[in-house]
Structure formats: structure tokens, C-alpha cells
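Report on one structure; see the data block that follows.
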Amino acid sequence: MRPVDPAPPRLTIYAYIRIYASMKLDIDAMNLAADEASDLLKSLANRHRLLILCQLLDGERSVGELVAFLQIRDSAVSQHLALLRKDGLVTARREGQSIRYSIASAPARTVISALAGIYCSPEGVTCAVPDPSSTTEIST
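If you use my numbering, the sequence shown corresponds to residues 2 to 141, in order.
Now the structure itself:
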């Protein structure tokens, strides 16, 4: 015959309140973290901004360097950088006549590094623009 498990101890109303209060704090912290993650992902939800941040993984870049890489107008690059700067993902530093941009957000650096590790060339080229004539299918 199997022994009967003892009944779990009855909790007082105060114990339930303490449990609920600690769960509430956890859900509040989780909501705040989810909001921050959502804001980060919204900022990254553009291929040009992703490519800009990918380039900044290797160090500071000027608008001119980013324009040459992205092959889009300098005004478009400046608009993307302004948005990334407003969102706290990049910082700017004046060097003579030019402004150098770098990644300012540790979470953004972590996410971009992970994406680069998944999607970029295994030869170590950071977020290289693929040659359309040499595309291959990746099997998962």
C-alpha cells in the first residue's frame, strides 16, 4: 500500500498577499523589459539601420563611409542615424570636420552581434552585402 502524501500546509491570507505581491513585481519587471525589447526591435526593423549597426560593430564610421557601403543617399543615412541616435542605440563624436558614429547600446550590440553570427559570411566579413548572382539556399 502506498503512503498517503500529507496535505499541503494551508496558507494564511497574508501569505497569499505576499505571494501575489512578489508575482506582481516580477510581472511589472517583465513588462518593462518587454517594452524595452520591443522598442529595440522597432529601431532595428529596417534593413538599412541593421546594416549601419552591423558596420558599427567593427568600430566608428562616418556618414560618408556608411553612404559608400550602403550605396544610398547621404540624407537617407543621416535620417537613419538620427533615429538610431534618438533611440539611444548610437552615439556621435566630432572628429575635425566629420562626425564619427558608434554603437552606444549594449543590448543593441548583443543583438546585432547575434544576427551577424547567424546571417553574415562565415569568412568573418561583418554583414557583407551578398552578391545576388551567387546566392545559395540555406537548409535548416
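Ideal Cβ placement from N, Cα and C applies to all residues, glycine included.
Use the C-beta contact count for residue i: other C-beta atoms within 10 angstroms, 16 or more gives buried, fewer gives exposed.
i    : result
S39  : exposed
R50  : buried
A16  : exposed
Q98  : exposed
S44  : buried
Q72  : exposed
A30  : exposed
A117 : buried
I113 : buried
T137 : In this predicted model, T137 has a pLDDT of only 44, less than 50, meaning its place in the structure is not dependable; the value taken from the coordinates is given anyway. With fewer than 16 other Cβ atoms within 10 Å, it is exposed.
Is residue i near the ligand ADP, judged by its Cβ being under 7 Å from some heavy atom?
i   : result
R11 : The model depicted lacks the ligand ADP and carries no ligand whatsoever.
Starting from residue i, follow its DSSP beta bridges and name the residues at the other end.
i   : result
R62 : Y102
Please go through the same chain and pick out, in chain order, the residues whose beta-carbon is closer than 8 Å to the beta-carbon of residue i, but skip the five residues on each side of it.
i   : result
L12 : I20
N47 : H81
A22 : none
L67 : I53, Q56, V78, L82 and Y102
D75 : V64, G65 and V68
Indicate whether at least one CB of chain D lies closer than 8 Å to the CB of residue i.
i   : result
I28 : Annotation note: the requested chain D is absent from the structure, which comprises a single protein chain.
Leaving out five residues before and five after residue i in sequence, what residues of the same chain have Cβ atoms less than 7 Å from its Cβ?
i    : result
I18  : none
S63  : S99, I100 and R101
I14  : none
A105 : G89, L90, V91 and T92
A109 : L41, L54 and L90
A107 : none
Report the CB separation of residue i from residue j in whole angstroms; it is logged as a contact under 8 Å.
i   : j   : result
R86 : A77 : No, R86 and A77 are not in contact; Cβ-Cβ is about 15 Å, not under 8 Å.
**Report entry** Length at least 3, wholly inside the segment 50 to 96: the beta strand (DSSP E) runs in chain order
**Finding:** 91 to 96
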